[in-house]
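Asker:
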Amino acid sequence: MKAATHTQSIAVEIEAALDMLQAYKASVPAVPITDSFPSLLDQCEAMCQSFTGPEPIRTLHHFACSGGTLIAKCIAALPSVVLLNEIDPLSQIHLPQNRRAPKFAPTDLFGALQISRREVNPTVVVDGFREATQTIVGGLASRGQSLVIRDHAHSHFCTQIDPNSRPTLHEILATGRHPVVSLLTVRHPLDSFLSLNANGWLHFSPSTLETYSQRYAEFLDRHADLDLVRYEDFVAAPERTLEKICQIIALPYHASALELFTIIRLSGDSGRKGAQIAERPRREVPMVIDAQRGSRDYKALCVRLGYEP
60 MKAATHTQSI AVEIEAALDM LQAYKASVPA VPITDSFPSL LDQCEAMCQS FTGPEPIRTL
120 HHFACSGGTL IAKCIAALPS VVLLNEIDPL SQIHLPQNRR APKFAPTDLF GALQISRREV
180 NPTVVVDGFR EATQTIVGGL ASRGQSLVIR DHAHSHFCTQ IDPNSRPTLH EILATGRHPV
240 VSLLTVRHPL DSFLSLNANG WLHFSPSTLE TYSQRYAEFL DRHADLDLVR YEDFVAAPER
300 TLEKICQIIA LPYHASALEL FTIIRLSGDS GRKGAQIAER PRREVPMVID AQRGSRDYKA
360 LCVRLGYEP
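Residue numbering for the sequence shown is 60 to 368, as defined by this note's numbering.
1. Relative to the C-alpha of I302, which candidate in V294, D221, H313 has its C-alpha closest?
2. What does S241 pair with, by DSSP beta-bridge criteria?
3. Within the same chain, show all residues whose beta-carbon is closer than 8 Å to that of T218, passing over the 5 residues directly before and after it, in chain order.
4. Quick one, are the C-beta atoms of L242 and I195 less than 8 Å apart?
5. Using the Cα positions of G235 and T118, report the straight-line distance between them to the nearest angstrom.
6. Ordered along the chain, which non-local residues of its own chain (more than five positions away) have a Cβ less than 7 Å from that of F169?
7. Measure the C-alpha to C-alpha separation of D349 and A283 and round it to an integer number of angstroms.
8. Between I208 and the rest of its own chain, which residues show a CB-CB distance below 6 Å, the 5 nearest in sequence each way excluded?
9. Classify R274: buried if its beta carbon has 16 or more other beta carbons within 10 angstroms, exposed otherwise.
10. Where does R224 fall in DSSP's three states?
11. Identify, in the order they occur along the chain, each residue of the same chain with its Cβ nearer than 6 Å to the Cβ of G327, setting aside the five sequence neighbours on each side.
12. Which residues in the same chain as A401 place their Cβ atom closer than 8 Å to its Cβ, once the five residues preceding and following it in sequence are excluded?
13. Rounded to the nearest angstrom, what separates M346 and A212 at their Cα positions?
14. Which two residues bound the contiguous alpha helix (DSSP H) that contains N144?
15. For Q351 versus T300, is the C-beta spacing smaller than 8 Å?
16. What is the DSSP secondary structure of I208, reduced to helix, strand or coil?
17. Applying the 10 Å Cβ sphere with the 16-neighbour rule, what's the burial state of G126?
18. What are the partner residues of L279, as DSSP defines its beta bridges?
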């Protein structure tokens, strides 16, 4: 009797899954396989032929609350992409304040090194992370998959540590055997600062717009050679901008990612909710922050990124 009940339960779950697939199929326009599949294969073949050496490691870099999660979701929804989210081997944000009360994290090899009772040279963490990443990208490539790493730059540039005391994620990977193909994304600094403030993520002191702008400028300086895409351009023209992003980081473009991104779940999803990609109104600017918009560093940052202060 139990076996029959279990079988019936599985049958009900399968029927429910089929209903969901049929509902999704009815909600999106039909795309002829003859139009989309060969095109995607052609892109993949061309991409493979363009690489004569080791498979590249692809990285995304942006500040917190700057629209990076939305862009990362769309990239993760592209065919054969494996995205590792919010990665920084030297981050200390997640580490327990009291080393005598460590958290259970059986897969966090590098975090365990950082809280070891015996001090470990950060170079050991850096070298170990680089080697592990190279092993991962090679293993994925053998199965036709592409590795994309989303940097957690907030750990590096927006906490109490000195940003100049350590290498960036990009600098760590750039000295390895695999080429690194990277993208920098930005948003109007006032909007990202307002979101940081609303989320209680101002982990630096003094927590002013001026200090934030100085740290943002340091972040840009350390990634000066990377191609840049603005979040505002992405939400205004998602298809065109995602196609540009794919060209920058050498991934085959497929418009289906803009339909499928809603099923991707990532940490750091603090802002936008819903399936529509569109410009959102600016948060209300508190008087104390509005008074800081005359800061020289803030104005210089806006000019550098092409925004009105």
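In this text, a Cβ means the ideal position worked out from N, Cα and C, and glycines have one as well.
Model, not experiment: these values are computed from the prediction.
Answerer: In short:
1. Here the sequence assigns Glu to residue 302, which means Ile is not the residue at that position. For E302, the nearest C-alpha among the options comes from H313.
2. Bridge partners of S241: T118.
3. Within its own chain, the residues whose Cβ lies closer than 8 Å to the Cβ of T218, once the five positions on either side in sequence are excluded, are Q151, I152, H262, F263, listed in chain order.
4. No, the Cβ-Cβ distance between L242 and I195 is not below 8 Å.
5. In a straight line, the C-alpha of G235 is about 14 Å away from that of T118.
6. Taken in chain order, the residues that qualify are P148, V184, G187, F188.
7. Computed Cα separation, rounded: 29 Å.
8. Here the set comprises T118, L143, I146.
9. So R274 counts as buried.
10. Note on residue identity: the sequence assigns Ser, not Arg, to residue 224. Helix at S224.
11. The beta carbon of G327 sits closer than 6 Å to the beta carbons of T128, E145 from its chain, once the five residues preceding and following it are set aside; these are given in chain order.
12. For the chain, the structure presents residues 60 to 368; residue 401 sits outside this window and is missing.
13. Roughly 28 Å separates the two Cα atoms.
14. N144: not part of any alpha helix (DSSP H); member of the beta strand (DSSP E) spanning 140 to 146, first to last residue.
15. Cβ atoms of Q351 and T300: not closer than 8 Å.
16. Strand.
17. The residue is buried, with at least 16 neighbouring Cβ atoms inside 10 Å.
18. Under DSSP, L279 forms no beta bridge with any residue.
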